[in-house]
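In what follows, a single structure is set out as structure tokens and then discussed.
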Amino acid sequence: MDTHTTIQNAGLGLRRSLLPHVLASSPSAVNFYEVAPENWINIGGKLGKQFRMLTERHRFVCHGLSLSLGSTDPLDEALVLAIKRFMATHQITCYSEHLSYCSHNGHLYDLLPIPFTEEAVHHVASRIKRVQELLEQKMALENVSYYAAPGQEMSESDFFNAVVAE
Numbered sequence: 769m770d771t772h773t774t775i776q777n778a779g780l781g782l783r784r785s786l787l788p789h790v791l792a793s794s795p796s797a798v799n800f801y802e803v804a805p806e807n808w809i810n811i812g813g814k815l816g817k818q819f820r821m822l823t824e825r826h827r828f829v830c831h832g833l834s835l836s837l838g839s840t841d842p843l844d845e846a847l848v849l850a851i852k853r854f855m856a857t858h859q860i861t862c863y864s865e866h867l868s869y870c871s872h873n874g875h876l877y878d879l880l881p882i883p884f885t886e887e888a889v890h891h892v893a894s895r896i897k898r899v900q901e902l903l904e905q906k907m908a909l910e911n912v913s914y915y916a917a918p919g920q921e922m923s924e925s926d927f928f929n930a931v932v933a934e
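Each number in our numbering comes from the position in the sequence shown (counting from 1) with 768 added on.
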């Protein structure tokens with residue numbers, strides 16, 4: 769689990785609508801492409817072949833949207849393992865995810881903030897550890913934007929630091 773990969777310079781979030789343009793021009797100013805693995809895992813056919821052509825020629829990173837690290841729902845370990853297989857297939861070495869939740873008795877289709885409490889620190893830290901065990905690598909975390917944060921016991925930066933420390 770000591771895999772260290774450094775991302776430098778500018779990348780581009782790859783969307784399906786960009787595939788023909790990227791394949792045709794292969795912009796040299798783009799040092800890597802970012803994809804949400806959930807949007808590409810089960811893509812086959814023409815789009816799947818085009819995506820594979822790109823991953824064979826360019827560096828990619830994965831940025832997840834659906835692990836719901838802050839949720840009290842069970843961790844979707846099948847999704848984590850699918851992401852791991854996807855990354856191995858495409859030689860993608862970097863994975864990040866939002867430190868948020870997007871499920872509560874079902875998918876909510878939005879990234880919601882976690883309350884910044886000691887209890888939440890312990891909860892998300894244990895889920896992050898499990899994800900990293902399944903992926904067999906470290907992962908990066910991204911905060912989510914939010915507008916109201918009732919019931920905070922600590923600042924956002926203190927919360928992030930506590931999660932990382934644990």
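Even for Gly, the Cβ is constructed at its ideal location relative to N, Cα and C.
- Query: Unbroken beta strand (DSSP E) runs of length 3 or more, entirely within the region 796-825: which are they?
  - Reply: 800-803
- Task: Using alpha carbons as the reference points, say which of H826, E865, V931 and A893 lies closest to A797.
- Result: H826
- Task: Please confirm if the region 881-896 is in contact with the region 836-846, defined as three or more CB-CB distances below 8 Å between the two stretches.
- Result: yes
- Message: Does P918 pass the burial test, meaning 16 or more other C-beta atoms within 10 Å, or should it be called exposed?
- Response: exposed
- Where do the ends of the alpha helix (DSSP H) carrying V829 lie? No alpha helix (DSSP H) holds V829; the beta strand (DSSP E) holding it covers F828 to G832.
- Going by DSSP, what residues sit across from M880 in a beta bridge? Residue 880 is actually Leu in this sequence, not Met. For L880, which the question treats as bridged, DSSP gives the partners Y869.
- Message: Let me make sure I understand the geometry here. Which of G816, Q920, D926 and Y914 has the alpha-carbon closest to that of T857?
- Response: G816
- Taking the beta strand (DSSP E) that A916 falls in, what are its first and last residues? Where A916 is concerned, there is no enclosing beta strand (DSSP E), given that its DSSP letter is neither H nor E.
- Query: Which first and last residues belong to the alpha helix (DSSP H) in which A930 is found?
  - Reply: E924 to A933
- Would DSSP call H772 helix, strand or coil? Residue placement at H772 is flagged as unreliable, the pLDDT there being 49, under the threshold of 50; a coordinate-derived value is accordingly withheld.
- Item | Simplified DSSP assignment, three categories, for S839 | coil
- Task: Look up L782 in the DSSP assignment and say whether it is helix, strand or coil.
- Result: coil
- Keeping to the same chain, check which residues put their C-beta closer than 6 Å to that of M922; ignore five residues upstream and five downstream. F884
- Own chain, CB closer than 7 Å to M769, minus 5 neighbours either side, in chain order: In this prediction, M769 scores a pLDDT of 39, lower than 50, which makes its location untrustworthy; no coordinate-derived value is stated.
- Task: On the DSSP bridge assignment, give the partners of A908 in chain order.
- Result: S864
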